[in-house]
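Single-structure report; data block below.
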Amino acid sequence: MKCDQMHPLMIDYLYDEISDKNRGILESHLATCEKCSAEINTLKSTSKILQKWEDVEPDFNLVMVSEKVSWFNNLKEKLNKAIPSPKRLAVGFAYGFAALFLLLAISNTEISYQQGNFNMKMALFSKKSQPEQSQLSSLQVQQLVEKLRQENYYLVKTMIDQSEAKQRAEWATTLTQFNQSLEQRRLQDLNLIGEGLVDFERTTTNKIQRTDNSLNELLRYISSTQK
Amino acid sequence: MTDLELTERIIGGDRTGFNVLVKRWEKTIYNFALRYMGNSESARDITQKTFIRVYKNIHKLRDAKRFSSWIYQIAANLCKDELKSLAKRDFLSIDLINENNENGHLMPDELVENSSNFPDAAMNQKQIGSIVQKALQQLPEEQRVVIIMKEYQGLKFKEIAAALGEPLNTVKSRMYYGLNGLRKVFEKWQITEEVLSYEM
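Heads up: the protein sequence lines correspond to chains A and B, in order. Residues in the first sequence are numbered from 835 upward in steps of one, following my numbering. Residues in the second sequence are numbered from 2 upward in steps of one, following my numbering.
Below, the structure is given as structure tokens:
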């Protein structure tokens, strides 16, 4: 083996990391190569010089401590964990306010029927007002309820009719669009078929022409040979 | 508790043993950084940063047996980055001084002092450290770090390769050329084992 190939083995040997097989190879080489023998000795010597430099004690003491957190930052952290994300918080607040408004509005709503008119007052905050002295008879109450029922019925019917009309219109639009799309596809397909037929015709005509030319040549040849 | 057991506990989430780990590794990492950087201030800085990084990232270490290679990898990377940062700040490096010297090897002051004032005096540990440190600084960084890891940290070549992310043969090659480079420096400065012997 060449001396260059011994270098990694020398290093392994120097630091006692050499395998038995490689030790055998190296020792065989060293027995016949003075240069490598001298080299390994100088490497050993260099290593010994390096070993003269001993470790020193660090002039400090490291201690890993947790960061001291101020009470404010501590509270902030706890709040961050307890409070949900801003988006959910905003939605929550919105629902809360809406519920509050509804509650106030309902609790301060006055419904009255006076002189043939149906009145309804809503307020967020109640006012101190003198109690009304209107009293409704049972007949009037029944009429009021009947009127409300009819109004409800007409309201719901109108909503249904409007919804149906909207649906019909949407269906009509969808069907029209679908029909148009089908028509486009049909025309595209027809065009493709047309192009295909033209192409086929051209190809066939060319083939027939070539066959015709070949036959004519053959006939000419036959007639010329017969002469 | 062994290092392996300690590391496994810390990886598992028990951070109370971390200070014990620091105490065990502090001197090792400090000396590694000192030999790499060549001065104690940088070595102190690197040591602190190494443990901070270990603390922050130890949960990512899957195998506690790799702790040794891993911590050296962190320390070596920090040293490398710090040297790059120092170079950018236009510090006058040993290499620049050496440009003015024959063969680029600057005779250490400790040798000049010692030979002129006390020709036969033995060297103390501080002087030896200073000379060897300056000799190491003559080497390219990639050879220096391999020599430090092998000679002083006692790592196997496979562990060095893992820590540096280099192939095994590259590591051995750098070791070989590094030792040869140091041999030339020591010859130039007439440093032998006998010269460096000191009084206990």
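Think of the CB as a built atom: it goes at the ideal place given N, C-alpha and C, for glycine as much as any other residue.
If you count every other CB in all the chains shown that lies within 10 Å of the CB of A:C837, and 16 or more means buried, which is it? exposed
Using a beta-carbon distance below 8 Å, is B:N170 in contact with chain A? yes
Rounded to whole angstroms, what's the CA-CA distance from A:K869 to B:G130? Just pull it up for me. 31 Å
One question on the structure: do B:K25 and B:D4 come within less than 8 Å of each other, judged by their Cβ atoms? Reading off the sequence shown, one finds Arg at residue 25 of chain B, where the question assumed Lys. Yes, Cβ-Cβ distance for B:R25 and B:D4 is below 8 Å.
Could you tell me the distance, in whole angstroms, from the CA atom of A:F894 to the CA atom of B:I47? 13 Å
Is there a Cβ from chain B that is less than 8 Å from the Cβ of A:P892? yes
Between A:L896 and chain B, is the shortest Cβ-Cβ distance under 8 Å, so that the two count as touching? yes
Reduced DSSP category for B:D121 - H, G, I as helix; E, B as strand; rest coil: Here the model assigns B:D121 a pLDDT of 48, short of 50, so the residue's position is not dependable, and the following value carries that caveat. Residue state, collapsed to three classes: coil.
Candidates B:R16, B:E83, B:Q144 and B:I12: which alpha carbon is nearest B:K66's? B:I12
When you compare the region 178–197 of chain B with the region 849–866 of chain A, are there three or more beta-carbon pairs, one atom per stretch, that lie closer than 8 Å? no
To which residues of the same chain is B:R54 closer than 8 Å at the C-beta, ignoring the five residues directly before and after it? I75 and L79
Could you tell me which of B:D15, B:R16 and B:Q49 sits nearest to B:E27, measuring between CA atoms? B:Q49
Taking its Cβ as the centre, do 16 or more other Cβ atoms sit within 10 Å of A:A1065, making it buried, or is it exposed? The displayed coordinates of chain A run from 835 to 1061. Any statement about residue 1065 of chain A would go beyond what the structure contains.
At 8 Å on the CB atoms, spell out the chain B contacts of A:H841, in chain order. K173, S174 and Y177
What number of angstroms, rounded off, separates the C-alpha of A:A1000 from the C-alpha of A:S941? The amino acid at residue 1000 of chain A is misidentified as Ala; the sequence shows Lys. Answer to the nearest angstrom: the Cα atoms are 37 Å apart.
8 Å Cβ shell around B:Q144 - same chain, five flanking residues per side excluded: For B:Q144, the CB contacts under 8 Å within the same chain, skipping 5 residues up- and downstream, are R175, M176, Y178, G179 and G182 in chain order.
Among B:P141, B:I132, B:Y153 and B:K89, nearest to B:N32 - alpha-carbon criterion: B:Y153
Would you mind sorting A:Q1043 into buried or exposed? The rule is 16 or more other CB atoms within 10 Å of its CB. In summary, A:Q1043 is exposed, with fewer than 16 beta-carbon neighbours lying within 10 Å of its beta-carbon over all protein chains present.
So what does DSSP say about B:N40, is it helix, strand or coil? Looking at B:N40 - three-state DSSP - the assignment turns out to be coil, as it is neither helix nor strand.
Quick one: give me the first and last residue of the alpha helix (DSSP H) that A:S853 is part of. It is not in any alpha helix (DSSP H) - A:S853 carries neither H nor E in the DSSP assignment.
Should B:Y73 be labelled buried (16 or more other beta-carbon atoms within 10 Å of its own) or exposed? In summary, B:Y73 is buried, with 16 or more beta-carbon neighbours lying within 10 Å of its beta-carbon over all protein chains present.
Environment of A:A1006 [buried if 16+ CB atoms lie within 10 Å]: exposed
So, with DSSP's three-state summary, where would you put A:S946? Note: A:S946 maps to strand in three-state DSSP.
Distance, A:P892 Cα to B:V147 Cα: 22 Å
Quick one: is A:M844 buried, meaning 16 or more other Cβ sit within 10 Å of its Cβ, or exposed? buried
Quick check: what's the CA-CA separation for B:Y56 versus B:F19? 8 Å
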